[in-house]
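Just below is one structure, and these are the notes that go with it.
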Amino acid sequence: MTDYKNKINYDDLRKRYPQAPEPWMGGEMSGKRDLPDPLRENLGTRRVPKLSNVRFPDADPIVAKFTEEYRTHGVDILFVNPPAPDGGIWIRSQHRVGRRSRENMIWGQVSLAQMAAVMYPDYTVAVIDAIAERMTWEDFEKKLQEYKPRFYVTQMTAPTLTNDNYGCFLAKSVGAITMAFGTHVTPLAVETMRPHPSLDLCLRGEPEVTLREVVDTISGRTEFKDDTLRLYKSCDPDWEPKKAEKLPNSDYYDLGHVKGLVWRRGGEIVRNPDRNFIPNLDDLPLPMHHLLPLDKYRTAVLDGSYQFIVTSRGCTAGCIYCIKHVSYQAGLRLRSPENIVAEIEMLVALGVKNIHMYADLFTANREQVVGLCNLLIERKIKIGFTANSRVDYVDQEMLELMAKAGCTVLSWGIESANEEILKKARKGTIPERARQSVTWAKKAGIRNLGYFIVGLPGETKETIQETIDFSKTLPLDLAIFHIAAPYPGTPFFFMVMENNWFKPGTRWEQVDMDQSTVLQYGNLNAEDLEREARRAMREWMFRPGPIITYLKSLRNIGALRSAINVGMQQVKWTLFPNAAH
0 MTDYKNKINY
10 DDLRKRYPQA
20 PEPWMGGEMS
30 GKRDLPDPLR
40 ENLGTRRVPK
50 LSNVRFPDAD
60 PIVAKFTEEY
70 RTHGVDILFV
80 NPPAPDGGIW
90 IRSQHRVGRR
100 SRENMIWGQV
110 SLAQMAAVMY
120 PDYTVAVIDA
130 IAERMTWEDF
140 EKKLQEYKPR
150 FYVTQMTAPT
160 LTNDNYGCFL
170 AKSVGAITMA
180 FGTHVTPLAV
190 ETMRPHPSLD
200 LCLRGEPEVT
210 LREVVDTISG
220 RTEFKDDTLR
230 LYKSCDPDWE
240 PKKAEKLPNS
250 DYYDLGHVKG
260 LVWRRGGEIV
270 RNPDRNFIPN
280 LDDLPLPMHH
290 LLPLDKYRTA
300 VLDGSYQFIV
310 TSRGCTAGCI
320 YCIKHVSYQA
330 GLRLRSPENI
340 VAEIEMLVAL
350 GVKNIHMYAD
360 LFTANREQVV
370 GLCNLLIERK
380 IKIGFTANSR
390 VDYVDQEMLE
400 LMAKAGCTVL
410 SWGIESANEE
420 ILKKARKGTI
430 PERARQSVTW
440 AKKAGIRNLG
450 YFIVGLPGET
460 KETIQETIDF
470 SKTLPLDLAI
480 FHIAAPYPGT
490 PFFFMVMENN
500 WFKPGTRWEQ
510 VDMDQSTVLQ
520 YGNLNAEDLE
530 REARRAMREW
540 MFRPGPIITY
550 LKSLRNIGAL
560 RSAINVGMQQ
570 VKWTLFPNAA
580 H
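Here numbering that gives the first Met the number 0 is used: the first residue of the sequence shown is 0, the next is one more, and so on.
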């Protein structure tokens, strides 16, 4: 039998029950049962104690000693093209709209490389192109933990808005100040930040100098090299350096002096005055292309890797749907041919085989294009290049020179075969001019990609059929039929708002020119427009000519695999739209 007498701590019991009589006499247990038996007592019968003042434990000071490493940043500035919302290939760019890449083309993130060059070497920089690397959010979070950036700068577009802000949420968890730029946040910065508290700052318009000033002013930098000072003064001759002070009782800085910025002042979102454009693009340092995954930038119709080069900013045309109204607008700023060639030579040294001349309109200035082509020929630089053009900004001689210099593909904005629709869209050209220009290009040995828009103001089923029929008569290697998209800030957007053409319940993620629409006209609803766009693609694509032409354009096994993938996407979209998402 267990000897409980020797097991009981009587000193402890005496402290717990001071009024109870002593349980022993002469060293032996008495027969009394006045003291509760530890094996029988129900503690729930005790008197309920009086409610005391609350004193919750505070473990923060102790834990902070063990988490000091999380407040140490691995890199000053991390530039990000975040993962896709659906694992697909999405296009994000500083001055273009966001959309799925139906062409299976991964866009080179030259804008991230350019901003990195503006900050380096005064700050450490890194780039994550999650689209090119095909990262999941789990992969991305691991990289973010590795870099632990002080500043997080991200692309952000309308159809990926919630998804992109998730990256800001993760960045805040590692102590970063988060910033977004692009054609969605420029016209809608306040309404982007309001529902997304993890987004600290928006860089409106041209982001390079605004970003530089944000980082400089928070870092307390007041002395600059000549090239940085020239950038500042070129946008604002009266600019002077200033250190940012933290707002009272806040982690936010007072950034009211930084032009082009939208920021948080406590619970208020403040939009500062706009910043003027950089007048001379040659003042920008060459982009840090080596930070990008250049080997991942490939497309089905080109042999080998390719990368983008920005040759100009702005476009003198006035198309109502074009995002240039939001980004670089109507003023045209050109890089010199010598400056462009210096960047081409850099990319050639990095092993890049093809260049995409990336601009609102590559052929906007004939003198620049001719000068660039002549320089490529004179220096015997063997590299292929692609570009975009309007049909009325070329001539036969210029196209022949472009082909001689290495131009292999031109993307043409043809839009519609109906002259009235082109007039309402302020396109400023006629269908027959499109026929003339693409024919010149074909004769020069340049492949033609034609881009059309279904659903511009005034569209009917008859005008859509007119465009389909016209597209079949053109010497095109590929035709793409997009659905008109009223991107915020464009004249088309304001027209849609004024006429109540938005589909009820529209969310920004639905403003996608690729496979769906938010438009709803009186004669054509959203479902009609989507159906007609699929029909247009189907009628153009499922013919012997386009299939043979496309297969002939493929250069290798990798391109063939990519082409099959592109073809399957098109078949899904045109025949099984519900399975394409």
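Each residue gets a CB set at the ideal place from its N, CA and C atoms; glycine is no exception. These numbers were taken from a predicted model, which means no experiment stands behind them.
Is the segment 72 to 89 touching the segment 127 to 138 in the sense that three or more CB pairs, one from each, lie closer than 8 Å? Yes, the segment 127 to 138 is in contact with the segment 72 to 89.
How many angstroms separate the CA atom of A525 from the CA atom of T516? Here residue 525 refers to the residue found at position 526 when the sequence shown is read from its first residue. Here residue 516 refers to the residue found at position 517 when the sequence shown is read from its first residue. Looking at the backbone, the Cα of A525 and that of T516 are separated by about 6 Å.
Collapsed DSSP secondary structure at P336 in the structure displayed: For the purposes of this step, residue 336 is taken as the residue at position 337 of the sequence shown. If DSSP states are grouped into helix, strand and coil, P336 belongs with the helices.
Just confirm the distance between the C-beta atoms of R360 and Y392, as a whole number of angstroms; I'd bet it's less than 8 Å. Stepping through the sequence shown from its first residue, residue 360 is reached at position 361. Stepping through the sequence shown from its first residue, residue 392 is reached at position 393. Looking at the sequence itself, residue 360 is Leu, so the reference to Arg does not match. Your pair L360 and Y392 checks out as a contact, with CB atoms roughly 6 Å apart and the cut at 8 Å.
Is the beta carbon of G405 less than 7 Å from the beta carbon of G383? Taking the first residue of the sequence shown as 1, we reach residue 405 at position 406. Taking the first residue of the sequence shown as 1, we reach residue 383 at position 384. In this structure, the beta-carbon distance from G405 to G383 falls below 7 Å.
Could you check which residue in A402, Y486, C372, F501 has the C-alpha nearest to that of T185? The count along the sequence shown starts at 1 and reaches residue 185 at position 186. The candidate whose alpha carbon is nearest that of T185 is Y486.
Please classify D75: does DSSP put it in a helix, a strand, or coil? Counting from one through the sequence shown, the residue named residue 75 turns up at place 76. Of the three classes helix, strand and coil, the one that applies to D75 here is strand, per DSSP.
Name the one or two DSSP bridge partners that H481 has. The residue given as residue 481 occupies position 482 in the sequence shown. Residue pairing from DSSP places H481 in a beta bridge opposite I452.
Among I376, T209, S311, L111, whose alpha-carbon lies nearest the alpha-carbon of R270? Numbered from 1 along the sequence shown, position 271 holds the residue referred to as residue 270. The shortest C-alpha separation from R270 is found at T209.
Using only CA atoms, which one of L187, I376, V340, F55 lies nearest to F492? What you label residue 492 is simply residue 493 of the sequence shown in a count that begins at 1. Looking at the Cα atoms, L187 is the closest of the given residues.
For V79 and S51, the rounded distance between their alpha carbons: Taking the first residue of the sequence shown as position 1, residue 51 is located at position 52. Taking the first residue of the sequence shown as position 1, residue 79 is located at position 80. S51 and V79 have their C-alpha atoms some 52 Å from each other.
With a threshold of 6 Å on Cβ separation, who are the neighbours of D75 within its own chain once the five nearest residues in sequence on each side are excluded? As a first step, residue 75 is located in the sequence shown; it is residue number 76 there, counting from the start. So the list reads Y122, T123, R149, once near-sequence residues are dropped.
Of the listed residues N373, H324, Q306, G330, nearest to E337 (C-alpha basis): For this step, residue 337 is matched to residue 338 along the sequence shown. Taking only the C-alpha atoms, the option nearest E337 is N373.
With distances taken Cα to Cα, identify the nearest neighbour of C201 among L260, W106, M104, Y252. Here the question's residue 201 lines up with position 202 in the sequence shown. Ranking L260, W106, M104, Y252 by CA distance to the CA of C201 puts L260 first.
Would you call the CB atoms of P81 and D163 closer than 7 Å? By 1-based counting over the sequence shown, the position of residue 81 is 82. By 1-based counting over the sequence shown, the position of residue 163 is 164. Going by C-beta atoms, P81 is nearer than 7 Å to D163.
Whole angstroms are fine: how far does the CA of T44 sit from the CA of D10? Position 11 of the sequence shown, counted from the first residue, corresponds to residue 10. Position 45 of the sequence shown, counted from the first residue, corresponds to residue 44. Rounded to the nearest whole angstrom, the C-alpha separation of D10 and T44 is 22 Å.
Can you list, in chain order, the residues of its chain whose CB lies under 7 Å from that of T635, leaving out five sequence neighbours each side? Because the chain spans 0 through 580 in this model, residue 635 falls outside it and cannot be assessed.
Ignore the nearest five residues each way along the sequence and tell me which others in G444's own chain have a CB closer than 6 Å to its CB. Walking along the sequence shown from the start, residue 444 turns up at place 445. Correct list, in chain order: A402.
I'd like the span of the beta strand (DSSP E) that includes S388, first residue to last. As a working mapping, residue 388 is identified with position 389 in the sequence shown. Unbroken beta strand (DSSP E) run through S388: 383 to 388.
Enumerate in chain order the residues of its own chain whose CB-to-CB distance from P456 is below 6 Å, with the five nearest sequence positions on each side excluded. Reading the sequence shown from its first residue, position 457 is the one you call residue 456. If we look at P456 and ignore the five residues flanking it on each side, its Cβ neighbours are K423.
What does the alpha-carbon distance come out to for the pair P196 and R264? In the sequence shown, the residue the question calls residue 196 occupies position 197. In the sequence shown, the residue the question calls residue 264 occupies position 265. Put simply, the backbone Cα of P196 is about 12 Å away from that of R264.
Could you give the residue range of the beta strand (DSSP E) that holds P148? Against the sequence shown, residue 148 aligns to sequence position 149. From DSSP, the beta strand (DSSP E) with P148 extends over 148 to 154.
CB-CB under 8 Å to G30, same chain, minus the five flanking residues each way: which ones, in chain order? Here residue 30 is taken as the residue at index 31 of the sequence shown, counted from 1. Residue confidence for G30 is low, a pLDDT of 49 falling below 50, so the modelled location carries little weight and cannot support an answer.
So, helix, strand or coil for F361, using DSSP? Position 362 of the sequence shown holds residue 361. DSSP places F361 within a helical segment (H, G or I) once states are collapsed to three.
Do you know whose CA, among D281, E244, M345, K442, lies nearest R334's CA? Position 335 of the sequence shown holds residue 334. That would be D281, whose Cα lies nearest to the Cα of R334.
Quick test of your reading: V173 and Q144, contact by CB under 8 Å. State the CB separation rounded to the nearest angstrom. Stepping through the sequence shown from its first residue, residue 173 is reached at position 174. Stepping through the sequence shown from its first residue, residue 144 is reached at position 145. Going by Cβ atoms, the distance from V173 to Q144 rounds to 6 Å, so yes, they are a contact pair.
In angstroms, rounded to a whole number, what distance separates the CA positions of V408 and L523? Your numbering for residue 408 matches position 409 in the sequence shown. Your numbering for residue 523 matches position 524 in the sequence shown. Rounded to the nearest whole angstrom, the C-alpha separation of V408 and L523 is 34 Å.
Whose C-alpha, out of T182, G107, L228, A83, is nearest the C-alpha of H118? Taking the first residue of the sequence shown as position 1, residue 118 is located at position 119. It should be noted that the sequence gives Met, not His, for residue 118. Residue L228 is the option with its Cα nearest to M118.
From what residue to what residue does the alpha helix (DSSP H) around A125 run? Looking up residue 125 in the sequence shown gives position 126. No alpha helix (DSSP H) holds A125; the beta strand (DSSP E) holding it covers 124 to 128.
Identify, in the order they occur along the chain, each residue of the same chain with its Cβ nearer than 8 Å to the Cβ of K471, setting aside the five sequence neighbours on each side. Within the sequence shown, numbered from 1, the residue matching residue 471 stands at position 472. Around K471: E538, W539, R542.
Could you tell me which whole beta strand (DSSP E) segments of length 3 or greater appear in the segment 370 to 437? Listed in chain order, the complete beta strand (DSSP E) runs (minimum 3 residues) inside the segment 370 to 437 are 383 to 388, 406 to 414.
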